[in-house]
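So for the sequence shown, full-length UniProt numbering puts the first residue at 1; every next one is plus one. Below is one structure, written out as structure tokens; the observations come after it.
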Amino acid sequence: MITEKRHELILDELAKKDFLSLQELMDNLDCSASTIRRDLSKLQQLGKLTRLHGGATLNQSVVLEPNLIDKRTQNLQEKKEIARSASELIEDNDCVFLDAGSSTLEMIPYITSSNITVVTNGLTHVEELIKNGIKTITIGGQVKSNTFATVGPSAIETLGRYRFDKAFIGINGIDINYGLTTPDDQEAFVKKYALKQALNKFVVADSSKFNKVYFTNVPIDHDVSIITSEQIKQVENYDLFTRHYDILGGKR
Numbered sequence: 001m002i003t004e005k006r007h008e009l010i011l012d013e014l015a016k017k018d019f020l021s022l023q024e025l026m027d028n029l030d031c032s033a034s035t036i037r038r039d040l041s042k043l044q045q046l047g048k049l050t051r052l053h054g055g056a057t058l059n060q061s062v063v064l065e066p067n068l069i070d071k072r073t074q075n076l077q078e079k080k081e082i083a084r085s086a087s088e089l090i091e092d093n094d095c096v097f098l099d100a101g102s103s104t105l106e107m108i109p110y111i112t113s114s115n116i117t118v119v120t121n122g123l124t125h126v127e128e129l130i131k132n133g134i135k136t137i138t139i140g141g142q143v144k145s146n147t148f149a150t151v152g153p154s155a156i157e158t159l160g161r162y163r164f165d166k167a168f169i170g171i172n173g174i175d176i177n178y179g180l181t182t183p184d185d186q187e188a189f190v191k192k193y194a195l196k197q198a199l200n201k202f203v204v205a206d207s208s209k210f211n212k213v214y215f216t217n218v219p220i221d222h223d224v225s226i227i228t229s230e231q232i233k234q235v236e237n238y239d240l241f242t243r244h245y246d247i248l249g250g251k252r
């Protein structure tokens with residue numbers, strides 16, 4: 001197994017459990033103690049985890065995530081345009097995941113499909129969904145005070161119980177070289193696992209998110225579409241983005 005793949009698997013395992021022993025990692029990855037120790041040392045140097053006696057724990061990101069109240073007021077009209085387009089993809093009887101982002105929050109008033117179920121890790125989303133008469137399920141976990149998102153091992157475990165017709169996630173940065181990124185490790189893992197559980201996968205992002213890079217990568221498959229607005233035509237590297245990603249909205 002190549003080093004990069006082992007690193008990804010180690011971080012995935014730590015996202016499911018607060019602490020993993022050296023022996024657990026050896027068993028889960030079928031690797032020797034010396035290999036796991038080297039991997040843990042490298043990941044600690046990268047700031048991804050902290051080595052403890054006999055094992056490791058995942059780091060909380062040191063990069064601050066803007067709070068949800070501030071994010072809701074940024075590029076609001078563009079977000080509403082994107083939200084309307086995204087909500088039109090939801091069909092009757094769908095089971096949908098909405099993550100705890102400001103862009104996905106703006107989708108809720110535009111959802112008109114009947115008999116749908118929405119699963120979310122956004123506490124603010126729960127209130128808005130209920131106001132709009134939408135059947136709502138919230139996943140457990142630790143609540144982040146700045147984004148009102150639930151994260152951590154309990155959230156990941158709960159996500160594993162569901163299969164979604166469609167998943168919509170927000171993102172902080174989209175870059176040609178570094179892909180999709182977000183400031184927080186824990187939220188990145190929730191996004192990753194939600195997309196994994198979905199048949200149709202969507203990233204909802206306004207034009208300000210392009211050419212931005214943050215702390216943690218959110219790996220995506222080729223079948224993920226990015227829903228954005230006409231303003232993407234004004235961003236640097238627009239043509240490269242349209243060739244690199246499946247862009248919905250803002251096409252010539």
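Beta carbons are placed, not taken as given, at the ideal position from N, Cα and C, and that holds for glycine.
### Query
Alpha carbon to alpha carbon, what distance is there between I226 and I247?
C-alpha of I247 to C-alpha of I226: approximately 5 Å in a straight line.
### Task
Could you tell me which residues DSSP puts in a beta bridge with G170?
V204
### Query
How many whole angstroms separate the CB atoms of T216 and A188, which I take to be in contact at a CB cut-off of 8 Å?
4 Å
### Proximity winner among L58, M107 and L98, relative to V118 (alpha-carbon distances)
L98
### Query
Three-state secondary structure (DSSP) at F148?
Looking at F148 - three-state DSSP - the assignment turns out to be coil, as it is neither helix nor strand.
### Query
For the candidate residues V218, N200, Y214 and A205, whose alpha-carbon lies nearest to that of Q231?
A205
#### Entry: Segments assigned beta strand (DSSP E), at least 3 residues, entirely inside the region 186 to 244
Counting only runs of 3 or more, we get 198 to 204 and 224 to 227.
### Task
Classify R37 as helix, strand or coil using the three-state DSSP reduction.
helix
### Task
Would you list the residues sitting across from C95 in a DSSP beta bridge?
For C95, which the question treats as bridged, DSSP gives the partners T117.
### Message
So, at 6 Å on beta carbons, what are the nonlocal neighbours of L40 in its own chain, with the 5 sequence-adjacent residues on each side left out?
### Response
R51 and A56
### Message
According to DSSP, is R161 part of a helix, a strand, or is it coil?
### Response
coil
### Task
Pull up the DSSP beta-bridge partners for G55, would you.
Bridge partners of G55: S21 and L52.
### Query
For Q142, which residues does DSSP report across the bridge?
Answer is V151.
### Task
Give the range of the alpha helix (DSSP H) segment to which T3 is assigned.
T3 to K16
### Message
According to DSSP, D175 sits in a beta bridge with which residue or residues?
### Response
BP columns for D175 point to G179.
### Query
If you pair each beta-carbon of the region 172 to 184 with each one of the region 124 to 143, do three or more pairs fall below 8 Å?
Touching, no.
### Query
Taking C-beta to C-beta, are residue 262 and K79 nearer than 7 Å?
Coverage of the chain is limited to positions 1 through 252, which leaves residue 262 absent and any answer about it impossible.
### Proximal residues to D92 (C-beta, below 8 Å), its chain only, five neighbours per side dropped
S113, S114, N115 and I116
### Message
Can you give me the C-alpha to C-alpha distance between S21 and K191, rounded to a whole angstrom?
### Response
Going from the Cα of S21 to the Cα of K191 covers about 25 Å.
### Query
Would you call the region 119 to 128 and the region 140 to 158 in contact, with 3 or more CB pairs under 8 Å?
yes
### Contact belief for F148 with A83 at Cβ below 8 Å, rounded distance in angstroms
Between A83 and F148 the Cβ distance is about 18 Å, and since that is not below 8 Å, they are no contact.
#### Entry: Sequence-distant residues of its chain with Cβ nearer than 7 Å to D165 (five each side left out)
Short of 7 Å from the beta carbon of D165, and not among the five residues preceding or following it, lie these beta carbons of its own chain, in chain order: D94, C95, V96, L199 and N200.
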